[in-house]
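Everything below concerns the one structure shown next.
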Amino acid sequence: MQYDVIIIGGSYSGLSAGLQLARARRKVLVIDAGRRRNRFAETSHGFLTQDGASPTDIAAEGRAQLMEYETVDWLPARVDRVQRGDQAFTVVDDKGKTYKSRVLILATGVVDVLPEVPGLAERWGRQVFHCPYCHGYELQQGRIGVLASSVLSMHHALMLPDWGPTTLLLNGSFEPDADQLAQLQARDVRVERGLVERLTGDTIEVVMKDGRMLAFDGVFVVTQLQASPLAQQLGCELEEGPQGSFIRTDAMKATTVPGVFACGDTARAAGNVALAVGDGALAGVAAHRAMMLGF
Numbered sequence: 001m002q003y004d005v006i007i008i009g010g011s012y013s014g015l016s017a018g019l020q021l022a023r024a025r026r027k028v029l030v031i032d033a034g035r036r037r038n039r040f041a042e043t044s045h046g047f048l049t050q051d052g053a054s055p056t057d058i059a060a061e062g063r064a065q066l067m068e069y070e071t072v073d074w075l076p077a078r079v080d081r082v083q084r085g086d087q088a089f090t091v092v093d094d095k096g097k098t099y100k101s102r103v104l105i106l107a108t109g110v111v112d113v114l115p116e117v118p119g120l121a122e123r124w125g126r127q128v129f130h131c132p133y134c135h136g137y138e139l140q141q142g143r144i145g146v147l148a149s150s151v152l153s154m155h156h157a158l159m160l161p162d163w164g165p166t167t168l169l170l171n172g173s174f175e176p177d178a179d180q181l182a183q184l185q186a187r188d189v190r191v192e193r194g195l196v197e198r199l200t201g202d203t204i205e206v207v208m209k210d211g212r213m214l215a216f217d218g219v220f221v222v223t224q225l226q227a228s229p230l231a232q233q234l235g236c237e238l239e240e241g242p243q244g245s246f247i248r249t250d251a252m253k254a255t256t257v258p259g260v261f262a263c264g265d266t267a268r269a270a271g272n273v274a275l276a277v278g279d280g281a282l283a284g285v286a287a288h289r290a291m292m293l294g295f
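This is the structure:
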């Protein structure tokens, strides 16, 4: 079937983009694999009028409102391939079915690849987090650990003292140079060079390889990757940010490939629900404008 726009990803940014296009009476297909990034979190914060709400409920209500529009179709599937042709984009799902559209919006998100530390994964979204703005306030100025996975963890370590006394657990991932050590000292960040063995306890106790136990109220990690290879398949340029790579877009969320827009975590250096919704709204409006005025 031929659509005006195919949106790949049906979380907050994809839903928001779809809503703008539906209200412009455009024929829209949303393809969603059902792997929303914050599905492990019980509450969402920082989104005006929805602070403290369930992220699952926010997404479900958004989808319900979008599907009230008769020009919108929803497909629960994973997209395996995309191809740009002279007149249309061809999208192939995981069952081999093909769909075509004039415009594509990538709202594919990112995935969090956690360090292989016992006790970490089961605390993800409850005691182990990636976003200080989403979860830092609830720690009530408690003790914060940053479990490093690479030099990118410096960004977290320098941010988090605003939410509580912070310790950077290097865990053998990198060694800060003199300038980095000076930055950490200026922010009163403690540096722990020992290796981490596991996380345990009802509150978080980090057990070190040498037998010491360090207690924290919350632990932050940053190990995000692009959730989908579709941007690379299309030839979209990426940028490197403080938390990993993201799709390069202009001020109107257009990628470097004509007719392809990107929004949400996949196209931001860092993000949350509120930013994803705003991004999606802009991408939806920009996609509609492109169809009217040309790419």
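For reference, each letter of the sequence shown is one residue, going 1 to 295 in UniProt numbering.
The beta carbon of each residue, even a glycine, is placed where N, CA and C say it ideally should be.
Self-check item: Cα-Cα separation, residue 184 to residue 132
Solution: 17 Å
Quiz item: Curious, which full-length alpha helix (DSSP H) runs of at least 4 residues does the region 128-182 contain?
Solution: 132-135, 153-159
Quiz prompt | Beta bridge counterpart(s) of residue 76 as assigned by DSSP | solution = 32
Self-check item: Closest residue to residue 230 among 7, 2, 3, 102 (Cα-Cα distance)
Solution: 7
Quiz item: Which residue from 77, 293, 68, 84 puts its Cα closest to that of residue 236?
Solution: 84
Quiz item: What residues are listed by DSSP as bridge partners for residue 245?
Solution: 240
Quiz item: Under three-state DSSP, which class holds residue 254?
Solution: strand
Practice problem: Would you mind reading off the limits of the beta strand (DSSP E) that contains residue 99? | Solution: 98-106
Quiz item: So, helix, strand or coil for residue 197, using DSSP?
Solution: strand
Quiz item: With residue 75 and residue 29 assumed to form a contact (beta carbons below 8 Å), what rounded beta-carbon distance in angstroms separates them?
Solution: 6 Å
Quiz item: Among 64, 164, 173, 158, which has the Cα closest to the Cα of residue 182?
Solution: 158
Quiz item: When DSSP builds the beta bridges, which residues end up paired with residue 205?
Solution: 200, 215
Exercise. Could you tell me whether the region 215-229 touches the region 137-147, where touching means 3 or more Cβ pairs closer than 8 Å?
Key: yes
Quiz item: What number of angstroms, rounded off, separates the C-alpha of residue 68 from the C-alpha of residue 162?
Solution: 42 Å
Quiz item: Of all the options 54, 105, 37, which has the alpha carbon lying nearest to the alpha carbon of residue 45?
Solution: 54
Quiz item: Does the distance from the CB of residue 259 to the CB of residue 281 come in under 8 Å?
Solution: no
Quiz item: Near residue 78, what residues of its chain come up, given a Cβ to Cβ distance below 6 Å and the 5 sequence neighbours on each side ignored?
Solution: 33, 94
Quiz item: Beta-carbon separation of residue 153 and residue 115 under 8 Å?
Solution: no
Quiz item: Once you ignore the five residues that flank residue 279 on each side, which residues in its own chain have a CB closer than 6 Å to its CB?
Solution: 13, 263, 264
Exercise. Spell out the partners DSSP gives residue 6 in its beta bridges.
Key: 29, 104
Practice problem: Classify residue 293 as helix, strand or coil using the three-state DSSP reduction. | Solution: helix
Quiz prompt | C-beta contact flag for residue 111 and residue 243 at 8 Å | solution = no
Quiz prompt | Where the alpha helix (DSSP H) through residue 56 begins and ends | solution = 55-66
Quiz item: How is the alpha helix (DSSP H) around residue 23 delimited, first residue to last?
Solution: 12-23
Quiz item: Any idea if residue 192 is buried or exposed, counting beta-carbon neighbours within 10 angstroms, 16 or more meaning buried?
Solution: buried
Quiz item: With respect to the alpha helix (DSSP H) encompassing residue 230, which residues constitute its N-terminal and C-terminal limits?
Solution: 230-234
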